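Q:
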Amino acid sequence: MTEALQAVLPIIALVLLLCFSIAPISPSILLCFLLGAVLLIVGMMFFTQGAEMAMTPMGERIGITLTKTKKLWLIVPLAFILGVIITVSEPDLQVLAEQVPSIPNQVLIWSVAAGVGVFLVVAMLRMLFGIALPPLFVTFYAIVFILAFFVPKDFLSVSFDSGGVTTGPMTVPFIMALGIGVSSIRGDRHAADDSFGLVSLCSIGPILAVLILGMIYNPQEAAYVPPSIPEIQDSVELWQLFQVGLPKYVEEIAISLLPIILFFGIFQIFLLKLTKRNLVKILIGLVYTYVGLVLFLTGANVGFIPAGNYLGQVIAGLRYPIIIVPIGMVIGYFIVKAEPAVYVLNKQVEQITDGAISAKMMGSCLSLGVAFSLGLAMVRVLTGISILWFLIPGYGIALGISFFVPKIYTAIAFDSGGVASGPMTATFLLPFAQGACMVLGGNIVTDAFGVVAMVAMTPLIAIQILGLVAQMQKKKQTVATPVLTASAEAARAFEMLDDDAIIEL
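Per our numbering, residue 1 is the first one in the sequence shown, and the count goes up by one each step.
(1) Roughly how far, in whole angstroms, is the beta-carbon of I463 from the beta-carbon of I408, given that I think they are within contact range, below 8 angstroms?
(2) Ordered along the chain, which non-local residues of its own chain (more than five positions away) have a Cβ less than 6 angstroms from that of F137?
(3) Grab the span of the alpha helix (DSSP H) containing D415 for me, first residue to last.
(4) For the segment 102-120 and the segment 80-88, state whether three or more C-beta atom pairs, one from each stretch, are separated by less than 8 angstroms.
(5) Who are the Cβ neighbours of G369 in its own chain at under 6 angstroms, not counting the five residues just before and after it?
(6) Taking contact to mean 3 or more Cβ pairs, one atom from each stretch, closer than 8 angstroms, check whether the segment 54-61 and the segment 278-291 are in contact.
(7) What are the complete alpha helix (DSSP H) segments, minimum 4 residues, inside the segment 416-464?
(8) Quick one: grab the DSSP three-state call for I25.
(9) Going by Cα to Cα distance, which pick from L293, I397, Q6, E231 is closest to E252?
(10) Might you give, ordered along the chain, the residues of its own chain that have their beta carbon closer than 7 angstroms to the beta carbon of I397, omitting 5 neighbours on each side?
(11) What three-state label does DSSP hand A232 in the structure shown?
(12) Where does M424 land, buried or exposed, given buried means 16+ other C-beta within 10 angstroms?
(13) Determine, using beta carbons only, whether L246 and T298 come nearer to each other than 8 angstroms.
(14) Which class does A7 belong to by DSSP, given the choice of helix, strand or coil?
(15) CA-CA distance, I29 and I324?
(16) Going by other Cβ atoms of all chains shown within 10 Å of its Cβ, with 16 needed for buried, is Q313 buried or exposed?
(17) What three-state label does DSSP hand M176 in the structure shown?
(18) If you compare alpha carbons, which of F334, G317, Q473 is closest to L14?
(19) Using the C-alpha atoms, what's the distance from V336 back to S367?
(20) Which residue from Y310, M438, Y217 puts its Cα closest to that of I22?
(21) Identify the continuous alpha helix (DSSP H) that holds Q268 and give its terminal residues.
(22) Do A4 and M55 have their C-beta atoms closer together than 8 angstroms?
(23) Do P206 and V112 have their beta-carbon atoms positioned less than 8 angstroms apart in this structure?
(24) Mind checking whether I357 and V344 have CB atoms under 8 angstroms apart?
(25) Considering only the beta carbon of each residue, do G317 and G384 sit closer than 8 angstroms?
(26) For A7, which residues from the same chain have a beta carbon less than 6 angstroms from its beta carbon, with the 5 sequence-adjacent residues on both sides left out?
What follows is the structure, encoded as structure tokens:
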């Protein structure tokens, strides 16, 4: 409960400050936002508990069991099926499918799912054979940016957004736990470093899949439908608004969780064979996960989308619209803390590194990275600069640094990019950019879309810079250590001699 409050309260305070100062909004939108925030807090509380009790143990057990079989003919197809299942289960993918022009929803969903499945296989094989991440990233991102030049302009930003959207609250805990399970079997000194990196590789698959679909279908324009701004007369209408949205997410999350539960059930019967006590604990955790995601997504979609869109319109309509850049940066700094999967990532990083990389340190780096990315995204909204002018140098810097930092920082950094760009980005930051772009008269499809991709990019650099700083500090300590060690050994030898003399006496 404390973590949920710490994550969401700063956003509430910031929005209230804007509403009562430079960006007045209607009472209807404000009430929707506040009720949505309450659901968000309660949803995060249930989700984080459920992830610890169910999603993480399930992923770890499946990873351990698959690795123990040592049969590639079994690991490869099962990893592919698992990647497809958890991607189809991701609620944010449905939102993306509705935004993409000219491509049937089911074609897009299954193509993206296949992309994640293929790259989950690549990630598993990388872990099993100890292949370094940087060369893989350079190769795959080179393919991505080459393809980007052949995709219609109106489709480019959406393609890169797909990578961040598909690594959301359903996918991340499971995939990360899968990596930890596989690494626990290896037992070599690089196993902990290689336990991260699955999320980052899996996020490349959707980008490639959507880019290829863009070339096949060759969409020329995208229809943008702005979210409806609610007008509420009383508290009963306010509750009815959420009451209408709630059943949708009750059904959606049930359909999303069902394939994962079935896969785990089959795995349990033939390979896992967990005790009744462990199974009951996982089932209770799945209930918590279900309740948490339903409340979280209802609050985010019903309460946050209209507020984000309207705030963007109001701020962009001010006398000096450039103020949207620093405001966007401040919102970005705080809003990433409310991403449910960020909590899971930070906790697992702290556990795997035995506290060397603390959850607090990770949170601060992610916040700074996302703040910077929101500033760049608002510059795009104001100027209409192509997203490639930001993504190509950004990924170039990130990939360049990856050859000079410890392996674990690179893996964590690229994982954090996918984790940071979750449902809060899709339901508040993206509508915020769309509202601003609409008022400024820009092209919403090319200028506002791409926020998710920008949010996914900057943590790659921020976390790796943290790794560079840690590496430099370690080198300084190493330089000073020999003199201290020599003195310590001399003192210890003297003490031992003294003890021996006493014993002889």
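Glycine included, C-beta positions come from ideal geometry on N, C-alpha and C. Only a predicted model underlies this, so the values are computations on that prediction, with no experimental measurement involved.
A: According to the structure data:
(1) For the purposes of this step, residue 463 is identified with residue 463 of the sequence shown, where counting begins at 1. For the purposes of this step, residue 408 is identified with residue 408 of the sequence shown, where counting begins at 1. With 8 angstroms as the limit, I463 and I408 do not qualify as a contact, their Cβ atoms being about 10 angstroms apart.
(2) Against the sequence shown, residue 137 aligns to sequence position 137. Same-chain partners within the cutoff: L399.
(3) Within the sequence shown, numbered from 1, the residue matching residue 415 stands at position 415. Its alpha helix (DSSP H) spans residues 407-420.
(4) Because the criterion of three Cβ pairs below 8 angstroms is met, the segment 102-120 and the segment 80-88 touch.
(5) As a first step, residue 369 is located in the sequence shown; it is residue number 369 there, counting from the start. Take G369, set aside five residues on each side of it, and the residues of its chain with a beta-carbon closer than 6 angstroms to its own are T458, P459, A462, in chain order.
(6) Flag = yes, the segment 54-61 and the segment 278-291 touch.
(7) Runs of the alpha helix (DSSP H) spanning 4 or more residues and lying entirely within the segment 416-464 occur at 430-440, in chain order.
(8) Your numbering for residue 25 matches position 25 in the sequence shown. Of the three classes helix, strand and coil, the one that applies to I25 here is coil, per DSSP.
(9) The residue labelled residue 252 in the question sits at position 252 within the sequence shown. Closest by alpha carbon: L293.
(10) The residue you call residue 397 lines up with position 397 of the sequence shown. Hits under 7 angstroms: I461.
(11) Numbered from 1 along the sequence shown, position 232 holds the residue referred to as residue 232. Contrary to the premise, residue 232 reads as Ile rather than Ala in this sequence. Reduced to three states, the DSSP call for I232 is coil.
(12) Translated into positions along the sequence shown, residue 424 becomes position 424. The C-beta of M424 has 16 or more other C-beta atoms within 10 Å across all chains shown, which makes the residue buried.
(13) Along the sequence shown, one-based indexing puts residue 246 at 246. Along the sequence shown, one-based indexing puts residue 298 at 298. Yes, Cβ-Cβ distance for L246 and T298 is below 8 angstroms.
(14) Counting from one through the sequence shown, the residue named residue 7 turns up at place 7. If DSSP states are grouped into helix, strand and coil, A7 belongs with the helices.
(15) Taking the sequence shown and counting its residues from 1, one reaches residue 29 at position 29. Taking the sequence shown and counting its residues from 1, one reaches residue 324 at position 324. Distance between the alpha carbons of I29 and I324 is about 20 angstroms.
(16) In the sequence shown, residue 313 corresponds to position 313, counting from 1. Looking at its Cβ environment, which holds 16 or more other Cβ atoms inside 10 Å, Q313 is buried.
(17) For the purposes of this step, residue 176 is taken as the residue at position 176 of the sequence shown. Here M176 carries a helix assignment [DSSP, helix/strand/coil].
(18) On the sequence shown, position 14 is the one that residue 14 refers to. Measuring from the Cα of L14, the nearest candidate turns out to be F334.
(19) Along the sequence shown, one-based indexing puts residue 367 at 367. Along the sequence shown, one-based indexing puts residue 336 at 336. Distance between the alpha carbons of S367 and V336 is about 6 angstroms.
(20) Along the sequence shown, read from residue 1 onward, the residue named residue 22 stands at position 22. For the residues Y310, M438, Y217, the minimum Cα distance to I22 belongs to Y310.
(21) As a working note, residue 268 is residue 268 in the sequence shown. Where Q268 is concerned, there is no enclosing alpha helix (DSSP H), given that its DSSP letter is neither H nor E.
(22) The count along the sequence shown starts at 1 and reaches residue 4 at position 4. The count along the sequence shown starts at 1 and reaches residue 55 at position 55. Against a cut-off of 8 angstroms, the Cβ pair of M55 and A4 comes out as no contact.
(23) In the sequence shown, the residue the question calls residue 112 occupies position 112. In the sequence shown, the residue the question calls residue 206 occupies position 206. Yes. Within cutoff.
(24) On the sequence shown, position 357 is the one that residue 357 refers to. On the sequence shown, position 344 is the one that residue 344 refers to. Their beta carbons are not under 8 angstroms apart, which means I357 does not touch V344 by this criterion.
(25) In the sequence shown, residue 317 corresponds to position 317, counting from 1. In the sequence shown, residue 384 corresponds to position 384, counting from 1. Contact: no.
(26) As a working mapping, residue 7 is identified with position 7 in the sequence shown. Once the five neighbours on either side are set aside, the close Cβ partners of A7 are K337, A338.
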